[in-house]
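Numbering (my numbering), first residue to last: 41 to 127.
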């Protein structure tokens, strides 16, 4: 059972960064469009550089094992905050 758990962690550690890095790269290459979309959704466009840093930089950090627990906690916290409706 431990070996199966280790394989699962390895697969997640490879696939999660790919998800974050591709999302961040999409925001970098489509910066103006992403900024307009964020502003249309009521999010200040000035937060786009922070979003890119968290997605792209955090994805690279997880991929290379740098501060993985910290980045994981930040990503999970931001994802949870994104899913909670604001009155």
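We treat Cβ as the ideally placed atom computed from N, Cα and C, and that holds for glycine.
Just so it is clear, the structure is predicted and the values come from calculations on it, not from any experiment.
Helix, strand or coil, according to DSSP, for residue 57 in the structure here?
helix
At what residue ranges does the stretch 88 to 125 contain a whole run of the alpha helix (DSSP H), taking only runs of 4 or more?
88 to 92, 98 to 104 and 108 to 123
Below 8 Å CB to CB, which residues in the same chain sit around residue 55 once its five sequence neighbours on both sides are set aside?
Here the set comprises nothing.
Do the stretch 95 to 107 and the stretch 74 to 85 meet, that is, are 3 or more Cβ pairs less than 8 Å apart?
The stretch 95 to 107, when compared against the stretch 74 to 85, does not touch it at the 8 Å Cβ threshold.
Select from 60, 80, 89 and 73 the residue whose C-alpha is nearest the C-alpha of residue 116.
60
Hey, quick one: how far does the alpha helix (DSSP H) through residue 78 stretch, first residue to last?
For residue 78, the uninterrupted alpha helix (DSSP H) run begins and ends at 71 to 80, by DSSP.
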